[in-house]
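For reference, the structure discussed in these notes is given below.
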Ligand code: UDP
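Numbering (our numbering), first residue to last: 2 to 506.
Structure (structure tokens):
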């Protein structure tokens with residue numbers, strides 16, 4: 002995967018390989034595989050000669066980039082001409098989109114305004130991106146715009162004649178006034194989409210036509226470097242190679258790259274710690290961007306105060322080397338906060354906490370390290386304050402890890418409390434969080450049962466083929482609707498396309 006250039010207000014085209022869906026044949030049940038084959042055959046006919054343009058704000062770091070890489074790879078592998086472009090970074094623009102992101106999750110963020118000046122700063126680079134896109138998008142194509150960063154492109158691309166979907170990967174269960182401010186900022190754009198796609202029905206907060214809503218939850222790619230099988234020796238070698246555990250591995254830190262070629266972990270994580278983690282130490286892990294909504298400081302505090310030293314466990318908080326994620330300007334600041342919180346811990350808990358910045362220079366190397374960390378962990382946690390879906394939860398569940406997670410957003414759709422993981426009702430309740438982690442550390446039989454159920458649930462619900470089928474079915478419905486809309490409606494503002502039911506997928 003690569004990006005061509007980085008000029009503010011321009012598009013960068015992301016190159017990616019087509020992936021062979023056939024490898025799922027033995028992984029999903031035979032009847033599900035049959036449905037996949039039929040769905041792809043149908044899509045092949047309807048989408049022939051059309052390009053499906055996907056636009057988001059970054060090709061690496063975070064769940065959307067992770068998901069697009071696989072989803073679009075499999076779409077292309079199935080014969081769909083899927084393309085991916087990102088809008089290039091401009092600090093002022095990303096400051097506003099981060100403000101929107103935080104508020105959509107009910108969090109104040111930097112507390113700045115969302116008025117006319119911000120609207121202009123938001124729209125200006127998008128106008129330049131839209132000029133480029135209009136050169137590329139034909140009326141027979143389809144456009145899928147991802148997240149608040151790209152919503153402003155919707156009206157600007159109407160005159161291409163191509164149907165436009167807006168897919169929101171963010172969301173919050175009970176929108177506060179703060180969240181609704183961001184929602185209202187976006188409505189003038191999102192109301193003009195032919196369909197708005199959310200991960201959960203609860204995330205569509207009003208102002209959008211009911212017949213233009215669709216629900217599709219994300220998926221993980223079990224064959225990606227992030228999720229591919231690794232034996233325990235390979236896990237140890239990768240963790241040693243990345244400098245996360247003591248260096249006494251017997252083999253090379255190897256993994257298989259997306260193209261099937263052998264890869265090796267060559268770079269080391271930057272660690273904030275008192276001493277190197279021992280291989281036989283039980284590990285509690287949280288993987289996430291350095292984002293306050295993931296509450297890394299709360300995890301650290303909850304672990305230090307409520308997961309007792311006699312558990313022998315250490316905490317690893319792992320995230321991307323912070324400066325690396327262009328559309329996430331708060332990352333370095335949040336990392337600095339967590340480092341300060343670590344420094345202020347008493348000596349004993351401090352010795353049990355490791356902050357790991359995982360190198361982002363080679364995304365597949367990064368994914369191999371995260372994969373190894375997740376497989377090595379005794380307990381995985383995701384103590385988010387809000388979460389659109391939470392891919393890290395599905396990733397850990399696929400690896401049979403017992404997960405302790407906040408009962409927020411899409412996490413509630415993944416974990417059945419007490420069966421395939423443990424949910425913590427109030428994400429700020431550190432004692433309950435620490436208690437749940439301790440319970441799993443202290444009862445390996447139960448942790449193993451929960452881990453096995455977690456894998457089963459991930460297999461049934463969160464694997465790629467089902468996601469791809471829903472995505473292709475939605476595109477076909479979008480084309481059908483567009484074809485049945487009267488010519489006058491198809492022209493200017495397809496704001497008034499009428500249909501009697503919402504997208505049934
Ligand atoms: N991730 C990663 N490297 C890191 C930190 C996170 O690859 O150093 C990945 C993580 O494995 C997951 C994605 O980023 O696939 C995060 O997605 P999630 O839905 O959990 O949260 P988001 O970042 O989208 O809010």
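All C-beta atoms, glycine included, are put in the ideal place defined by N, C-alpha and C.
Nearest-angstrom beta carbon gap, residue j and residue i [assumed within contact, 8 Å]
| i | j | result |
| --- | --- | --- |
| residue 93 | residue 60 | No, residue 93 and residue 60 are not in contact; Cβ-Cβ is about 21 Å, not under 8 Å. |
| residue 339 | residue 297 | 5 Å |
| residue 285 | residue 438 | 6 Å |
| residue 171 | residue 389 | 5 Å |
| residue 292 | residue 335 | 6 Å |
Sub-8 Å separation of residue i and residue j beta-carbons
| i | j | result |
| --- | --- | --- |
| residue 435 | residue 304 | yes |
| residue 441 | residue 394 | no |
| residue 108 | residue 386 | yes |
| residue 226 | residue 369 | yes |
| residue 176 | residue 102 | no |
| residue 147 | residue 65 | yes |
| residue 37 | residue 466 | yes |
| residue 475 | residue 81 | no |
| residue 408 | residue 419 | no |
| residue 328 | residue 95 | yes |
| residue 229 | residue 372 | yes |
| residue 194 | residue 165 | yes |
| residue 240 | residue 246 | yes |
Proximal residues to residue i (C-beta, below 6 Å), its chain only, five neighbours per side dropped
| i | result |
| --- | --- |
| residue 127 | 153 and 154 |
| residue 287 | 300, 318 and 382 |
| residue 21 | 78 |
| residue 271 | 358 |
| residue 316 | 285, 304 and 354 |
7 Å Cβ shell around residue i - same chain, five flanking residues per side excluded
| i | result |
| --- | --- |
| residue 18 | 74, 259 and 260 |
| residue 223 | 28, 399 and 464 |
| residue 376 | 231, 236 and 400 |
| residue 119 | 97 |
| residue 206 | 176, 181 and 184 |
| residue 309 | 439 |
| residue 432 | 307 |
| residue 350 | 305 |
Residue range of the alpha helix (DSSP H) that includes residue i
| i | result |
| --- | --- |
| residue 97 | 92-105 |
| residue 87 | First-last for residue 87: 82-88, but that is the beta strand (DSSP E), not the alpha helix (DSSP H). |
| residue 303 | 297-307 |
| residue 332 | 332-344 |
| residue 407 | It is not in any alpha helix (DSSP H) - residue 407 instead sits in the beta strand (DSSP E) that spans 404-407. |
| residue 35 | 31-48 |
| residue 413 | 412-415 |
| residue 68 | 64-78 |
| residue 268 | Residue 268 -> no alpha helix (DSSP H), and no H or E assigned at all. |
Element boundaries [beta strand (DSSP E), containing residue i]
| i | result |
| --- | --- |
| residue 168 | 165-168 |
| residue 236 | Taken as a continuous stretch (DSSP letters only), residue 236 belongs to no beta strand (DSSP E), being part of the alpha helix (DSSP H) at 233-242. |
| residue 16 | 12-16 |
| residue 321 | 315-321 |
| residue 291 | Residue 291 -> no beta strand (DSSP E), and no H or E assigned at all. |
| residue 260 | Here residue 260 belongs to no beta strand (DSSP E), and DSSP marks it neither H nor E. |
| residue 423 | 423-425 |
| residue 485 | That residue, residue 485, is in no beta strand (DSSP E); its alpha helix (DSSP H) goes 465-485. |
| residue 273 | 271-273 |
| residue 383 | 380-383 |
| residue 196 | 196-199 |
Residue i - DSSP class collapsed to helix/strand/coil
| i | result |
| --- | --- |
| residue 451 | helix |
| residue 515 | Since the first residue shown for the chain is 2 and the last is 506, residue 515 is missing from the structure and cannot be characterised. |
| residue 228 | coil |
| residue 367 | helix |
| residue 186 | helix |
| residue 147 | strand |
| residue 20 | coil |
| residue 498 | Confidence is the limiting factor: at residue 498 the pLDDT is only 33, short of 50, which leaves the residue's position unreliable, though a coordinate-based value still follows. Coil, per DSSP. |
| residue 206 | coil |
| residue 215 | strand |
| residue 418 | strand |
| residue 438 | helix |
| residue 52 | strand |
| residue 155 | helix |
| residue 5 | The predicted position of residue 5 is uncertain, since its pLDDT is 42 and thus under 50; a value taken from the coordinates is nonetheless stated next. Note: residue 5 maps to coil in three-state DSSP. |
| residue 251 | coil |
| residue 392 | helix |
| residue 491 | At residue 491 the pLDDT is 43, less than 50, meaning the model places this residue with poor confidence and gives no usable figure here. |
Neighbourhood of residue i by C-beta distance below 8 Å, restricted to the same chain and skipping five residues each side
| i | result |
| --- | --- |
| residue 161 | 134, 135, 138, 139, 140, 142 and 144 |
| residue 423 | 403, 404, 405, 406, 416, 437, 440, 441 and 451 |
| residue 1 | This structure cannot settle anything about residue 1, because the visible part of the chain is limited to 2 through 506. |
| residue 312 | 283, 439, 442 and 443 |
| residue 294 | 103, 106, 108, 385, 386, 387 and 388 |
| residue 347 | 305 |
| residue 31 | none |
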